[in-house]
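Trainee: If you count by full-length UniProt numbering, then the sequence shown holds residues 1 to 458, one letter each, in order. If you scroll down you'll find the structure; I have some questions about it.
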Amino acid sequence: MGKIIRFWSDILEIRFDKENLPQVNHLLTTNDGKTYLLVKRIIDEQTVRAIIIYSSKPININDQITNTKQSFMVPVGKNAKNNIYSFEGKPLLDDRNTLPKYIEMNSIINNERYLNNENEIIETGIKAIDFFIPILKGYKLGIFGGAGVGKTVLMKEIIFNVNKANAKTSNIFIGSGERSREAIELFNELESSDLMKNSTMYISKMNESPGARMSIVPIGITASEYLRDIEKEDVLLFIDNIYRFVQAENEVSASLGKKPSVGGYQSTLESDVANIENRMFKNENGSITSFQTIFLPMDDLSDPSAVAVFNHLDGNLVLSRNQTAKNIFPAFDPLASSSNSVDESIIGKEHFNAIIETKKILKTYKDLEDVIMILGFDELDEQSKRIVKIALQLENFFTQNFFMTEHFTKAPGVYVSLEDTIKSVQRILDGKYIKQSPEIFAYVGSNLNIPTDEELNL
Ligand SMILES: Nc1ncnc2c1ncn2[C@@H]1O[C@H](COP(=O)(O)OP(=O)(O)O)[C@@H](O)[C@H]1O
Ligand SMILES: [Mg+2]
1 MGKIIRFWSD
11 ILEIRFDKEN
21 LPQVNHLLTT
31 NDGKTYLLVK
41 RIIDEQTVRA
51 IIIYSSKPIN
61 INDQITNTKQ
71 SFMVPVGKNA
81 KNNIYSFEGK
91 PLLDDRNTLP
101 KYIEMNSIIN
111 NERYLNNENE
121 IIETGIKAID
131 FFIPILKGYK
141 LGIFGGAGVG
151 KTVLMKEIIF
161 NVNKANAKTS
171 NIFIGSGERS
181 REAIELFNEL
191 ESSDLMKNST
201 MYISKMNESP
211 GARMSIVPIG
221 ITASEYLRDI
231 EKEDVLLFID
241 NIYRFVQAEN
251 EVSASLGKKP
261 SVGGYQSTLE
271 SDVANIENRM
281 FKNENGSITS
291 FQTIFLPMDD
301 LSDPSAVAVF
311 NHLDGNLVLS
321 RNQTAKNIFP
331 AFDPLASSSN
341 SVDESIIGKE
351 HFNAIIETKK
361 ILKTYKDLED
371 VIMILGFDEL
381 DEQSKRIVKI
391 ALQLENFFTQ
401 NFFMTEHFTK
411 APGVYVSLED
421 TIKSVQRILD
431 GKYIKQSPEI
441 FAYVGSNLNI
451 PTDEELNL
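As structure tokens, this is what we get:
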């Protein structure tokens with residue numbers, strides 16, 4: 001038993017007997033179970049500092065506190081699938097009749113990586129991703145962008161497309177500090193597509209305490225580790241949004257009175273991020289392939305939180321407001337995005353060369369944009385005109401209708417195989433459509449059915 005001796009904002013100091021002193025990250029409760037506290041600091045051999053995770057009752061000095069002697073308990077494994085859980089591990093749906101197994105958060109962290117050079121590409125059917133940033137099993141993809149540029153929509157499209165192509169996938173979704181409506185929508189979509197049976201969702205909403213929002217990410221990662229290392233599965237892990245995790249850690253750090261560092265972020269920013277990022281990988285047991293959205297405050301890619309995450313990723317996909325302004329969806333920015341899978345030995349010479357050639361053309365076009373704005377397209381030399389035209393054709397070609405947006409765009413979603421995407425890009429690069437308007441490629445699937453100039457006798 002402990003006793004509250006002081007409290008301010010959402011921090012409490014609690015005194016225990018020496019032999020009962022809790023450890024950092026242990027949960028404490030009040031006797032009536034109406035309040036949950038998480039130990040964040042040991043002050044001395046009798047005193048700890050804890051943050052409020054959840055409280056439905058006022059707290060008073062001298063209130064009795066129980067040490068649960070454990071951290072969050074996470075529902076894991078086969079029997080946890082097909083449900084949504086809060087940070088307390090409570091299932092939101094009570095009509096499922098399986099009883100999940102629970103393990104303690106962070107109790108099975110596995111640091112043993114298994115190095116092998118087998119690379120298995122995971123096709124998403126999304127042209128821009130498969131072409132520019134091919135996803136490999138065990139890979140970490142960051143989806144960066146400011147508010148409303150399409151991060152969540154893109155992540156959902158990935159979930160659905162990969163599952164459709166791959167019936168044995170297990171999905172873990174971590175909803176970290178975003179709108180609860182979005183999580184419910186995702187659940188309904190997964191349920192109606194019969195994908196919930198392979199999916200487990202862990203949600204902490206934006207209005208929950210920073211302690212809850214901060215913990216939901218390691219909770220979901222613990223569940224992913226369990227599927228990978230104990231049930232030997234290949235897991236797709238989706239996290240929306242890592243920025244909210246960083247922000248919650250920052251709020252807790254500020255409440256604990258720690259001095260902030262660059263840009264107002266916590267001095268532990270790097271290690272907070274590393275502690276979660278370093279747990280997602282492939283090993284002999286199975287794999288965790290992760291897709292993580294990262295909100296950019298003020299659309300700024302150099303924001304310290306974005307940089308801290310960026311350093312751990314295999315690929316970064318940038319969605320930009322310039323693209324949405326041009327009605328380009330997904331608002332993918334090919335020149336700002338990159339991937340370490342763009343390697344001839346992984347994706348083959350043909351694909352590799354097509355990427356290099358495409359990026360070169362897009363870069364030249366970008367450099368010419370100012371000239372065109374001032375002097376006009378007609379003033380360019382023939383060579384530059386050709387490059388600009390091909391660049392515009394490519395830009396249009398990488399637009400795509402999504403299944404996830406059918407309900408409001410009214411345009412049917414399209415899945416394009418990687419093979420068709422590469423062939424299509426090559427046809428554009430080869431100038432097979434040079435006499436036709438770039439518009440013909442807006443929101444097409446592949447272009448293999450679109451007649452070339454030669455076929456049209458132009
Ligand atoms: N691929 C897309 N096609 C058409 N509209 C889109 C697409 N992606 C996003 N949008 C529009 O942008 C809005 C915000 O997208 P969302 O994914 O919620 O943004 P974010 O998660 O980056 O804040 C959507 O509600 C939709 O209107
Ligand atoms: Mg979003």
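We treat Cβ as the ideally placed atom computed from N, Cα and C, and that holds for glycine. The structure presented is a predicted model; accordingly, all values stated were derived computationally and were not measured.
(1) For asparagine 396, is the classification buried or exposed, using 16 other Cβ atoms within 10 angstroms of its Cβ as the cut-off for buried?
(2) Quick one, which of Val309, Val342 and Asp299 has its alpha-carbon nearest threonine 324's?
(3) Measuring CB to CB, does isoleucine 53 end up less than 8 Å from alanine 248?
(4) For ligand 1, is there a heavy atom less than 7 Å away from the beta-carbon of lysine 385?
(5) Beta-carbon distances below 7 Å to any heavy atom of ligand 2 define the shell here; list its residues in chain order, please.
(6) Opposite alanine 50 in the DSSP bridges: which residues?
(7) Enumerate in chain order the residues of its own chain whose CB-to-CB distance from phenylalanine 441 is below 7 Å, with the five nearest sequence positions on each side excluded.
(8) Can the beta-carbon of tyrosine 139 be found less than 8 Å from the beta-carbon of threonine 268?
(9) Is methionine 201 buried or exposed, if buried means 16 or more other CB atoms sit within 10 Å of its CB?
(10) Give the DSSP-derived three-state secondary structure of serine 424 in the structure shown.
(11) Measuring CB to CB, does threonine 35 end up less than 8 Å from isoleucine 108?
(12) With burial defined as no fewer than 16 other Cβ atoms inside 10 Å of the residue's Cβ, what is the status of threonine 124: buried or exposed?
(13) When burial is assigned at 16 or more other CB atoms within 10 Å of the CB, is isoleucine 5 buried or exposed?
(14) Could you name the residues of the same chain whose beta carbon sits closer than 7 Å to that of glutamine 426, not counting the 5 residues immediately before and after it, in chain order?
(15) When we look at the beta-carbon of isoleucine 43 and count the other beta-carbons within 10 Å, is it buried (16 or more) or exposed?
(16) Per the contact definition of three or more C-beta pairs closer than 8 Å, is the segment 77 to 97 in contact with the segment 110 to 117?
(17) Using 8 Å as the cut-off, can you tell me whether the segment 229 to 240 makes contact with the segment 168 to 179, which would need three or more C-beta pairs spanning the two stretches below that distance?
(18) Nearest to lysine 385 by alpha carbon, out of Asn401, Leu368, Gln400 and Leu12?
(19) By the three-class DSSP mapping on this structure, what secondary structure does methionine 155 have?
(20) Report the rounded CA-to-CA distance for aspartate 381 versus asparagine 401, giving the unit in angstroms.
(21) For asparagine 119, write down the residues that DSSP places opposite it in a beta bridge.
(22) Closer than 8 Å by C-beta to glutamate 357: which residues in its own chain qualify, once you throw out the five before and the five after it? Chain order, please.
(23) Please list the terminal residues of the continuous alpha helix (DSSP H) segment that includes valine 309.
(24) Does the Cβ of isoleucine 374 have 16 or more other Cβ atoms within 10 Å, making it buried, or fewer, making it exposed?
(25) Run through the DSSP bridge pairs and tell me what tyrosine 365 is partnered with.
(26) My understanding is that serine 209 touches aspartate 10, with C-beta atoms under 8 Å, so please give their C-beta distance in whole angstroms.
(27) Examine ligand 1 and report whether any of its heavy atoms sits within less than 7 Å of the Cβ of threonine 124.
(28) Determine, using beta-carbon pairs with one atom in the segment 183 to 198 and one in the segment 253 to 260, whether at least three such pairs fall under 8 Å.
(29) Hey, out of Val153, Ser86 and Ser339, whose CA is closest to valine 74's CA?
(30) Pull up the distance between the alpha-carbon of asparagine 275 and that of lysine 435, whole angstroms please.
(31) For arginine 181, is the classification buried or exposed, using 16 other Cβ atoms within 10 angstroms of its Cβ as the cut-off for buried?
(32) Out of Leu195, Glu277 and Pro134, point me to the one whose CA is closest to lysine 156's CA.
(33) Given a cut-off of 8 Å on the beta-carbon distance, is the pair isoleucine 294 and asparagine 241 in contact?
(34) Taking only runs of the alpha helix (DSSP H) that begin and end inside the segment 61 to 141, which ones reach a length of at least 4 residues, in chain order?
(35) Under 7 Å from any heavy atom of ligand 1, does the C-beta of proline 297 make it?
(36) Please work out which residues of its chain come closer than 8 Å, Cβ to Cβ, to aspartate 420, disregarding the five sequence neighbours upstream and downstream, and give them in chain order.
Mentor: The relevant details are as follows:
(1) buried
(2) Asp299
(3) no
(4) no
(5) Lys151, Thr152, Glu178, Glu182, Asp240, Asn241 and Thr293
(6) Leu12 and Val39
(7) Gln393, Asn396, Phe397 and Asn447
(8) no
(9) buried
(10) helix
(11) no
(12) buried
(13) exposed
(14) Ala354
(15) exposed
(16) no
(17) yes
(18) Leu368
(19) helix
(20) 35 Å
(21) In DSSP, asparagine 119 forms no bridge with anything.
(22) Leu429
(23) 304 to 310
(24) exposed
(25) Answer is none; tyrosine 365 lacks a bridge partner.
(26) 7 Å
(27) no
(28) no
(29) Ser86
(30) 53 Å
(31) exposed
(32) Leu195
(33) yes
(34) 127 to 132
(35) no
(36) Gly445, Ser446 and Leu448
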